[in-house]
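Visitor: Take 0 as the starting number for the first sequence in numbering that gives the first Met the number 0 and just add one per residue.
Backbone N, C-alpha and C define an ideal beta-carbon position, used for all residues, glycine too.
All values derive from a computational prediction rather than experimental measurement.
Let me give you the structure first, and then I'll get to my questions.
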Amino acid sequence: MRILQLHCDSIEYTPTKKEIKSAEDIDNPQTQKLEELVVAFVAIEDGDDSSVAQNAISQIKNSMEKIGCKKLLLYPYAHLSSNLAKPSVAISLLKEMEDGASELEVSHSPFGWTKSYKLNVKGHPLAESSKVITKDSSDSKDSGEITSDALKGESKIRSYWKIMSPDGTLSNIADFNFSKHKKLEILAKYESAKVRRVDQPPPHVALMKKMAIADYEPASDSGNMRFFPNGRLIKSLIERFVNDKVKEYGGYEVETPIMYDSEHPSMVSYFNRFPARQYNIDSDGKKLFLRFAACFGQFLMANQYQMSYKNLPYKLYELTRYSFRREQSGELVGLRRLRAFTMPDCHAFCKDLPQAIDEIKIRFELSQNVLHGLGIVESDYEMAIRFTEDFYNENKSSIEELVKKHGRPVLVEMWKEKFFYFVLKWEFNFIDNLGKASALSTDQIDTENGERYGIEFVDEDNKKQHPIILHNSPSGAIERIIYALLEKAATDSKEGRKPQFPLWLAPTQVRIIPLKDEFNDFSDELFEKISAKDVRVDIDDRNESIGKRIREAEKEWIRYILVIGEKEKNSQNLSIRDRQTGDVREIPFDDFLNEIKEQTKGKPFTGLNLPKYLSKRPQLMV
RNA sequence: GCCAAUGUAGCUCAGCCUGGUUAGAGCAACUGAUUUGUAAUCAGUAGGUCGUGGGUUCGGAUCCCGUCAUUGGCUCCA
Numbered sequence: 000m001r002i003l004q005l006h007c008d009s010i011e012y013t014p015t016k017k018e019i020k021s022a023e024d025i026d027n028p029q030t031q032k033l034e035e036l037v038v039a040f041v042a043i044e045d046g047d048d049s050s051v052a053q054n055a056i057s058q059i060k061n062s063m064e065k066i067g068c069k070k071l072l073l074y075p076y077a078h079l080s081s082n083l084a085k086p087s088v089a090i091s092l093l094k095e096m097e098d099g100a101s102e103l104e105v106s107h108s109p110f111g112w113t114k115s116y117k118l119n120v121k122g123h124p125l126a127e128s129s130k131v132i133t134k135d136s137s138d139s140k141d142s143g144e145i146t147s148d149a150l151k152g153e154s155k156i157r158s159y160w161k162i163m164s165p166d167g168t169l170s171n172i173a174d175f176n177f178s179k180h181k182k183l184e185i186l187a188k189y190e191s192a193k194v195r196r197v198d199q200p201p202p203h204v205a206l207m208k209k210m211a212i213a214d215y216e217p218a219s220d221s222g223n224m225r226f227f228p229n230g231r232l233i234k235s236l237i238e239r240f241v242n243d244k245v246k247e248y249g250g251y252e253v254e255t256p257i258m259y260d261s262e263h264p265s266m267v268s269y270f271n272r273f274p275a276r277q278y279n280i281d282s283d284g285k286k287l288f289l290r291f292a293a294c295f296g297q298f299l300m301a302n303q304y305q306m307s308y309k310n311l312p313y314k315l316y317e318l319t320r321y322s323f324r325r326e327q328s329g330e331l332v333g334l335r336r337l338r339a340f341t342m343p344d345c346h347a348f349c350k351d352l353p354q355a356i357d358e359i360k361i362r363f364e365l366s367q368n369v370l371h372g373l374g375i376v377e378s379d380y381e382m383a384i385r386f387t388e389d390f391y392n393e394n395k396s397s398i399e400e401l402v403k404k405h406g407r408p409v410l411v412e413m414w415k416e417k418f419f420y421f422v423l424k425w426e427f428n429f430i431d432n433l434g435k436a437s438a439l440s441t442d443q444i445d446t447e448n449g450e451r452y453g454i455e456f457v458d459e460d461n462k463k464q465h466p467i468i469l470h471n472s473p474s475g476a477i478e479r480i481i482y483a484l485l486e487k488a489a490t491d492s493k494e495g496r497k498p499q500f501p502l503w504l505a506p507t508q509v510r511i512i513p514l515k516d517e518f519n520d521f522s523d524e525l526f527e528k529i530s531a532k533d534v535r536v537d538i539d540d541r542n543e544s545i546g547k548r549i550r551e552a553e554k555e556w557i558r559y560i561l562v563i564g565e566k567e568k569n570s571q572n573l574s575i576r577d578r579q580t581g582d583v584r585e586i587p588f589d590d591f592l593n594e595i596k597e598q599t600k601g602k603p604f605t606g607l608n609l610p611k612y613l614s615k616r617p618q619l620m621v
């Protein structure tokens with residue numbers, strides 16, 4: 000017996016004429032309409048008997064319980080098999096199945112009739128499944144869901160999941176000892192077996208609001224965030240840090256349009272290759288789309304260069320504000336997954352594969368350094384690397400070298416054949432404390448787009464060639480970095496440590512609290528002295544108790560608090576309440592400044608992005 | 001996109017199941033008192049078309065349907 004089972008919003012069918020002599024008699028062949036049901040197209044095959052029918056109906060009932068549906072239509076459908084049972088047998092087994100589901104609202108469409116039908120299948124993953132049930136197979140084969148056309152291409156990718164240790168040995172996931180690599184285990188299961196174990200909102204969503212960083216913007220589309228002054232300050236510092244690092248590496252910063260003509264020849268072939276999820280805009284007959292990465296702009300730009308092999312590798316860089324992807328609504332979460340995001344994207348045009356491989360090693364270290372500088376440490380992320388089997392066989396030692404640089408075992412996905420435009424891709428995945436994995440840094444070796452975009456250079460033999468292109472995002476989306484930092488803070492807090500930002504990202508680094516109004520002038524002087532040294536300092540001049548003002552500074556994660564009273568006014572030293580210890584220290588001004596400078600060394604600075612006086616500051620309640 | 005849960009004052013939440021005076025509390029805001037020594041000073045005032053549209057009802061925050069958003073799961077993540 001073969002069954003195609005569909006969870007439907009509705010079905011409408013009309014018996015048109017008897018197809019065989021032994022067709023069922025029906026009173027009036029009217030159009031029937033049923034709603035919110037499971038339709039099971041059934042082909043009863045030669046050799047099927049009562050046990051097959053019982054088995055089939057119990058499997059159908061099972062899966063209907065899973066999807067919570069109570070209405071079933073059995074729809075005789077000969078075209079599922081070329082080895083059909085005799086109609087008399089078929090009709091009796093069909094009725095037996097119907098009887099076997101009496102606790103459901105069950106019916107069958109007339110047997111032996113030609114019918115026209117219209118049906119609306121729901122789109123969820125369990126909506127479609129096919130079953131083959133035979134007499135000998137006590138437990139039948141359930142071939143699982145039938146994938147939609149859009150996914151068929153993806154499911155064709157045949158890949159093998161492995162773990163590669165720093166010494167280059169490959170092991171099967173099932174054989175690998177994860178006891179010292181818990182996060183890698185999470186990533187491996189997450190990616191290869193799609194295991195998820197979360198049942199609560201990610202903590203960063205509450206934090207991004209409470210810390211007045213970012214929030215949803217109901218007047219925009221989902222996944223398009225607003226950033227408050229604190230959030231903008233943090234984001235812009237991270238952006239500047241990444242920009243500086245990429246420039247140090249040798250990327251040249253450019254700016255390209257955020258929208259493109261989807262009918263432009265180079266886009267057409269790209270779109271054919273990927274069923275894209277993009278924002279579309281119709282403008283005066285032009286079909287524009289919002290970029291989902293900086294690739295297009297940079298490739299079209301590179302196309303204009305007259306390049307020689309002597310110029311390569313040549314690196315273009317852009318920090319997109321924004322890249323847009325119309326992710327499915329159910330996939331959006333806080334700052335982890337957005338529809339509009341800021342992405343550093345650095346392409347290196349290389350003359351050949353050896354050069355590309357040399358370059359990818361340099362960018363690998365760049366990415367490690369960038370994450371480290373942002374406060375994402377090694378134990379926060381796990382590496383995955385994916386490549387085609389051919390690439391592995393020809394470049395084994397280079398792959399092993401990357402894994403060695405990482406220094407810990409990595410998750411490997413090996414593709415039997417090339418499906419994407421790249422032959423190798425690695426990424427660092429942040430694992431949050433709910434066990435969710437999201438990619439931060441990544442790099443790819445792209446062997447296709449040089450040709451697609453007509454990018455050329457002249458080689459040693461005066462021949463035109465297309466470069467190999469590397470696509471690196473040293474940090475991943477900036478919003479995602481903020482997500483990672485907030486999730487880390489939430490973990491700290493859960494485990495009894497004080498949550499905090501790296502000092503260079505703190506919206507306020509030092510807070511001055513004058514004990515009474517009479518110390519306001521002295522506090523102002525101190526404010527000037529400190530902010531002249533490029534430190535973000537503010538003054539809580541509100542008429543509140545000292546306890547309350549300290550409590551609120553604590554809640555804003557402010558590292559240093561200076562309470563100013565008679566004692567401080569008359570002393571050369573400062574009394575500093577250090578949030579990390581909760582203790583008050585008395586130290587000279589210069590020592591205090593040095594302590595701050597030491598922690599913010601090599602990081603960009605920008606001034607306070609809020610009113611200097613707390614009394615002038617509106618409360619942001621989100 | 002599919003399935004489910006949630007949506008009440010600026011914020012956090014109670015009330016909803018079992019429909020019935022004027023929808024409550026804490027925090028924040030505002031006014032006044034208080035001038036404070038390291039995580040919440042006291043008193044008072046104001047603030048809500050109960051996400052939104054429709055339906056049932058004499059009567060809807062409360063029951064039903066649609067819709068939007070958020071969160072979780074599935075899927076996806078070039």
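Does the distance from the CB of R407 to the CB of E377 come in under 9 Å?
Guide: Taking the first residue of the first sequence as 1, we reach residue 407 at position 408. Taking the first residue of the first sequence as 1, we reach residue 377 at position 378. Yes.
Visitor: Per DSSP, which residues does W112 bridge with? Please list them.
Guide: Locating residue 112 in the first sequence gives position 113, where the first residue counts as 1. W112 pairs with K17.
Visitor: I need the straight-line Cα distance from S137 to Q53, nearest angstrom please.
Guide: If you number the first sequence from 1, residue 137 lands on position 138. If you number the first sequence from 1, residue 53 lands on position 54. Here the model assigns S137 a pLDDT of 36, short of 50, so the residue's position is not dependable, and the following value carries that caveat. About 11 Å.
Visitor: Excluding the five sequence neighbours on either side, which residues of its own chain have a C-beta within less than 8 Å of the C-beta of L72, listed in chain order?
Guide: Locating residue 72 in the first sequence gives position 73, counting from the first residue. Taken in chain order, the residues that qualify are I10, L33, L36, V37, V38, A39, V105, S106, H107 and S108.
Visitor: Can you tell me the Cβ-Cβ gap for L186 and I430, rounded? I've got them flagged as a contact below 8 Å.
Guide: Locating residue 186 in the first sequence gives position 187, counting from the first residue. Locating residue 430 in the first sequence gives position 431, counting from the first residue. With 8 Å as the limit, L186 and I430 qualify as a contact, their Cβ atoms being about 6 Å apart.
Visitor: Drop a sphere of 10 angstroms on the beta-carbon of V253, count the other beta-carbons inside from all chains shown, and report buried for 16 or more, exposed for fewer.
Guide: Numbered from its first residue, the first sequence carries residue 253 at position 254. That one is exposed.
Visitor: Beta-carbon within less than 6 Å of R541's beta-carbon, same chain only, minus the 5 sequence neighbours each way: which residues are those?
Guide: Position 542 of the first sequence holds residue 541. Excluding residues within five positions, the ones whose Cβ falls inside 6 Å are L613 and S614.
Visitor: What is the DSSP secondary structure of P610, reduced to helix, strand or coil?
Guide: For the purposes of this step, residue 610 is taken as the residue at position 611 of the first sequence. Of the three classes helix, strand and coil, the one that applies to P610 here is coil, per DSSP.
Visitor: Please report the Cβ distance between F291 and L370, rounded to the nearest whole angstrom; I am assuming they are in contact, meaning their Cβ atoms lie under 8 Å.
Guide: Within the first sequence, residue 291 is the residue found at index 292, counting from 1. Within the first sequence, residue 370 is the residue found at index 371, counting from 1. Actually they are not in contact, since the Cβ atoms of F291 and L370 sit about 23 Å apart, beyond 8 Å.
Visitor: With distances taken Cα to Cα, identify the nearest neighbour of N572 among R558, F591 and G581.
Guide: The residue labelled residue 572 in the question sits at position 573 within the first sequence. The candidate whose alpha carbon is nearest that of N572 is F591.
Visitor: The alpha helix (DSSP H) with S492 in it runs from where to where?
Guide: As a first step, residue 492 is located in the first sequence; it is residue number 493 there, counting from the start. Counting along the chain, the alpha helix (DSSP H) containing S492 begins and ends at I477 to K493.
Visitor: Could you check how far apart the C-beta atoms of A498 and A489 are, in whole angstroms? I think they sit under 8 Å.
Guide: Start at 1 with the first residue of the first sequence, and residue 498 comes out as number 499. Start at 1 with the first residue of the first sequence, and residue 489 comes out as number 490. Per the sequence shown, the amino acid found at residue 498 is Pro instead of Ala. Going by Cβ atoms, the distance from P498 to A489 rounds to 7 Å, so yes, they are a contact pair.
Visitor: How close, in whole Å, do the beta carbons of Y308 and K350 come, if the pair is a contact with beta carbons under 8 Å?
Guide: As a first step, residue 308 is located in the first sequence; it is residue number 309 there, counting from the start. As a first step, residue 350 is located in the first sequence; it is residue number 351 there, counting from the start. Correct: roughly 5 Å between the Cβ atoms.
Visitor: Straight-line CA distance for V646 to Y316?
Guide: Not covered by the structure: residue 646. The range shown for the chain is 0 to 621.
Visitor: Quick one: what does DSSP say K462 is sitting in, helix, strand or coil?
Guide: On the first sequence, position 463 is the one that residue 462 refers to. DSSP places K462 in coil when its eight states are reduced to three.
Visitor: Quick one: grab the DSSP three-state call for C345.
Guide: On the first sequence, residue 345 is found 346 positions in, with the first residue counted as 1. The answer is strand: DSSP assigns C345 an E or B state.
Visitor: For V376, does the three-state DSSP call read helix, strand or coil?
Guide: The sequence position of residue 376 within the first sequence is 377, counting from 1. V376 falls in the coil class under three-state DSSP.
Visitor: Taking Cβ to Cβ, would you say Q508 is nearer than 9 Å to R535?
Guide: The residue you call residue 508 lines up with position 509 of the first sequence. The residue you call residue 535 lines up with position 536 of the first sequence. The answer is yes: Cβ separation under 9 Å.
Visitor: Got a sec? Which residues, its chain only, sit under 6 Å from I384 by beta carbon, not counting five neighbours each side?
Guide: On the first sequence, position 385 is the one that residue 384 refers to. Contacts found: V409, V411 and W425.
Visitor: How far does the beta strand (DSSP E) with I162 in it reach, from first residue to last?
Guide: Counting from one through the first sequence, the residue named residue 162 turns up at place 163. Note, I162: beta strand (DSSP E), S158 to M163.
Visitor: Looking only at its own chain, which residues have a Cβ that is under 6 Å from the Cβ of Q443, when we skip the five neighbours before and after it?
Guide: What you label residue 443 is simply residue 444 of the first sequence in a count that begins at 1. Correct list, in chain order: F421, K424 and H470.
Visitor: Starting from the C-beta of T387, find all residues in its chain whose C-beta is less than 6 Å away, skip the five residues before and the five after it, and write them out in chain order.
Guide: Here residue 387 is taken as the residue at index 388 of the first sequence, counted from 1. Same-chain partners within the cutoff: W414, K417 and V422.
Visitor: Check the C-beta distance from D537 over to K611 and give it rounded, since I have them as a contact under 8 Å.
Guide: Taking the first sequence and counting its residues from 1, the one referred to as residue 537 is at position 538. Taking the first sequence and counting its residues from 1, the one referred to as residue 611 is at position 612. Right, their Cβ atoms sit about 6 Å apart.
Visitor: Where DSSP assigns a beta bridge to P513, which residues make up the other side?
Guide: Reading the first sequence from its first residue, position 514 is the one you call residue 513. Partner(s): I563.
Visitor: Identify whether P75 lies in helix, strand or coil by the three-state DSSP scheme.
Guide: Here residue 75 refers to the residue found at position 76 of the first sequence. It is a strand residue.
Visitor: Checking the sheet assignment: what are the DSSP bridge partners for W503?
Guide: In the first sequence, the residue the question calls residue 503 occupies position 504. DSSP lists no partner for W503.
Visitor: Which stretch, first to last residue, makes up the beta strand (DSSP E) that contains R239?
Guide: Within the first sequence, numbered from 1, the residue matching residue 239 stands at position 240. That residue, R239, is in no beta strand (DSSP E); its alpha helix (DSSP H) goes P228 to Y248.
Visitor: Excluding the 5 residues flanking R239 on each side, which residues of the same chain have their C-beta closer than 7 Å to its C-beta?
Guide: Here residue 239 refers to the residue found at position 240 of the first sequence. Contacts found: P603.
Visitor: Would you mind sorting V583 into buried or exposed? The rule is 16 or more other CB atoms within 10 Å of its CB.
Guide: In the first sequence, the residue the question calls residue 583 occupies position 584. It is exposed - the Cβ of V583 has fewer than 16 other Cβ atoms within 10 Å.
Visitor: Quick check: what's the CA-CA separation for L561 versus I212?
Guide: Here residue 561 refers to the residue found at position 562 when the first sequence is read from its first residue. Here residue 212 refers to the residue found at position 213 when the first sequence is read from its first residue. Looking at the two C-alpha atoms, the distance is approximately 24 Å.
Visitor: According to DSSP, is A39 helix, strand or coil?
Guide: In the first sequence, residue 39 corresponds to position 40, counting from 1. A39 falls in the strand class under three-state DSSP.
Visitor: Whose C-beta lies closer than 6 Å to the C-beta of M210 among residues of the same chain, with five residues either side of it excluded?
Guide: As a working note, residue 210 is residue 211 in the first sequence. None.
Visitor: Starting from Q624, follow the beta strand (DSSP E) in both directions and report where the run begins and ends.
Guide: No information on residue 624 is available, as it lies outside the stretch 0 to 621 that the chain covers here.
Visitor: Taking the alpha helix (DSSP H) that M258 falls in, what are its first and last residues?
Guide: For the purposes of this step, residue 258 is taken as residue 259 along the first sequence, with counting starting at 1. First-last for M258: M258 to D260, but that is the beta strand (DSSP E), not the alpha helix (DSSP H).
Visitor: Quick check on the DSSP output: the beta strand (DSSP E) that includes A213 runs from which residue to which?
Guide: Mapped onto the first sequence, residue 213 falls at position 214. Residues A213 to Y215.
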